[in-house]
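Heads up, the thing below is written out as structure tokens.
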Amino acid sequence: MSLRVGIVGGGQLARMMIAPAVELGIEVRVLAEQPGMSAALAATAVGDYHDAATVLPFARDVDVLTFDHEHVPQEVLATLVAAGVSVHPGPDALRYAQDKLLMRARLEELGMPQPDWAAVDDASALQDFIDGHGGRAVVKTPRGGYDGKGVRVVRAGTEADDWFAALAEDGRGGSLLVEELVDFTRELAQQVARRPSGEIRTYPVVETVQRDGVCAEVLAPAPRGGERLTEVAAEIGVAIAEGLGVTGMLAVELFETTDERVLINELAMRPHNSGHWTQDGAVTSQFEQHLRAVLDLPLGDTSASAPWSVMVNILGGPEDGGLDDRFAAAMAAHPGAKIHTYGKAPRPGRKVGHVTAVGDDLDDVAYQARAAASVFLG
58 MSLRVGIVGG GQLARMMIAP AVELGIEVRV LAEQPGMSAA LAATAVGDYH
108 DAATVLPFAR DVDVLTFDHE HVPQEVLATL VAAGVSVHPG PDALRYAQDK
158 LLMRARLEEL GMPQPDWAAV DDASALQDFI DGHGGRAVVK TPRGGYDGKG
208 VRVVRAGTEA DDWFAALAED GRGGSLLVEE LVDFTRELAQ QVARRPSGEI
258 RTYPVVETVQ RDGVCAEVLA PAPRGGERLT EVAAEIGVAI AEGLGVTGML
308 AVELFETTDE RVLINELAMR PHNSGHWTQD GAVTSQFEQH LRAVLDLPLG
358 DTSASAPWSV MVNILGGPED GGLDDRFAAA MAAHPGAKIH TYGKAPRPGR
408 KVGHVTAVGD DLDDVAYQAR AAASVFLG
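Set out below in structure tokens:
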């Protein structure tokens, strides 16, 4: 198969697409932001993805262009499309992953279940929303936030004054997104793959465990899920993928509320941390599936290959930087666990790898994954 996929962004998601690409006979090329990034093995270019003059020559030399992140500006995406580049997901879909206000408005048009929300332009409007929603709310910057960044729980409208000031200084103005503080029992994630010709497949809904705003663990499938939750989550994922015209992988982050509703939190249009378990726990990993989808190839089986999979992120790592020694120690102590490292230097809170364990007993699988990951933090 003589196909070439260009990936904008040299992070760990691009890195983890390299192995399945080799297996499929697909050539992967990466436009990295700087030398030495996680996907350096396939980095054929280094440059600024904000610059169309940098991205366009890279894109002209591949069959399809896709992304390690959602941050390529709409102006650059429009230039690529106008030049005849096959871009997946396309700019019309990506805008809803780039701007949370646009996302909320479009999901409302589609009739999707989501928290109550509003666009607010100043502290007074924010205070009005807070007062109408039990005295607390969640404020988000519409663009650029991830892993807990750009998100605050507030009790007073003045607690976002610095964000309002930053919007004013930017010269473009704009609003912040405020949402009701959802009373949820747990967080879930639903992944969907969709190819340009319309074929679509869903993965099992999973439970995600967040610590300090960062995904720490994923349990697949979601325990205590049941047939109803499985159907509802899949229906939401499919409706969004089709309604927004997403191509490639889509991750829908969800809240399961105390009154058993399922509400949409955020979207990602690429492989996602909630799907890392699929590398070792599904027939087709999300990374292989993304490549298949953006190239409009038949999609792979999304079934779990074992009753349970648990993925634990390695966050931070040892201060002495001795990841290699700990890698060997984790392998020796937990030979059943699969350890994936990202080629990143450790620093507090940084995702430097993950561990996945699979098996028939959830408690044992969770223990193996957590114990192997803890070796890197000791």
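Going letter by letter, the sequence shown gives residues 58 to 435 in the working numbering.
Beta carbons: idealized from backbone N, C-alpha and C, even for Gly.
Cβ pair residue i, residue j closer than 7 Å
i, j, result
"residue 327", "residue 306", "yes"
"residue 295", "residue 321", "no"
"residue 72", "residue 102", "no"
"residue 412", "residue 403", "no"
"residue 127", "residue 174", "no"
"residue 142", "residue 122", "yes"
"residue 233", "residue 177", "yes"
"residue 352", "residue 154", "no"
"residue 242", "residue 288", "no"
"residue 394", "residue 429", "yes"
"residue 303", "residue 251", "yes"
"residue 332", "residue 248", "yes"
"residue 265", "residue 244", "yes"
"residue 372", "residue 400", "no"
"residue 425", "residue 391", "yes"
"residue 290", "residue 263", "no"
"residue 115", "residue 147", "no"
"residue 432", "residue 387", "yes"
"residue 119", "residue 133", "no"
"residue 308", "residue 329", "yes"
"residue 238", "residue 193", "yes"
"residue 84", "residue 61", "yes"
"residue 260", "residue 359", "yes"
"residue 318", "residue 369", "no"
"residue 217", "residue 167", "no"
Collapsed DSSP secondary structure at residue i in the structure displayed
i, result
"residue 279", "coil"
"residue 119", "coil"
"residue 166", "helix"
"residue 366", "strand"
"residue 221", "helix"
"residue 206", "coil"
"residue 197", "strand"
"residue 186", "helix"
"residue 433", "coil"
"residue 251", "strand"
"residue 267", "strand"
"residue 287", "helix"
"residue 238", "coil"
"residue 258", "strand"
"residue 81", "helix"
"residue 354", "coil"
"residue 61", "strand"
"residue 449", "Here the chain has residues from 58 to 435 only, and residue 449 is not among them."
"residue 76", "helix"
"residue 213", "coil"
Residue burial classification, residue i (beta-carbon count within 10 angstroms, cutoff 16)
i, result
"residue 215", "exposed"
"residue 338", "buried"
"residue 226", "exposed"
"residue 315", "exposed"
"residue 301", "buried"
"residue 210", "exposed"
"residue 212", "exposed"
"residue 437", "Residue 437 is absent from the structure shown; the chain starts at 58 and stops at 435."
"residue 157", "buried"
"residue 165", "exposed"
"residue 145", "buried"
"residue 150", "buried"
"residue 131", "exposed"
"residue 92", "exposed"
"residue 140", "exposed"
"residue 434", "exposed"
"residue 355", "exposed"
"residue 197", "buried"
"residue 284", "exposed"
"residue 107", "exposed"
"residue 310", "buried"
"residue 161", "buried"
"residue 222", "exposed"
"residue 105", "exposed"
>> For the pair the segment 68 to 84 and the segment 342 to 350, tell me if three or more CB-CB distances fall below 8 Å.
In response: At 8 Å Cβ cutoff, the stretches touch.
>> Closer than 8 Å is the cut-off here; do at least three beta carbon pairs connect the segment 272 to 286 with the segment 363 to 372?
In response: The segment 272 to 286 vs the segment 363 to 372: in contact.
>> I'd like the ranges of any alpha helix (DSSP H) spanning at least 4 consecutive residues and lying wholly in the segment 296 to 352.
In response: The segment 296 to 352 contains, as complete alpha helix (DSSP H) runs of 4+ residues, the segments 335 to 338, 343 to 351 (chain order).
>> Taking 8 Å as the cut-off, does the segment 82 to 91 touch the segment 62 to 69 (at least 3 CB pairs, one atom from each stretch)?
In response: At 8 Å Cβ cutoff, the stretches touch.
>> So within the segment 83 to 167, which uninterrupted beta strand (DSSP E) runs reach at least 3 residues, ignoring any that extend past its ends?
In response: Taking 3 residues as the shortest admissible run, the segment 83 to 167 contains the following complete beta strand (DSSP E) segments, listed from N- to C-terminal end: 83 to 89, 100 to 103, 121 to 124.
>> For a minimum of 3 consecutive residues, which ranges assigned as the beta strand (DSSP E) are wholly contained in the segment 392 to 432?
In response: Taken in chain order, the complete beta strand (DSSP E) segments of 3 or more residues contained in the segment 392 to 432 are 395 to 398, 408 to 416.
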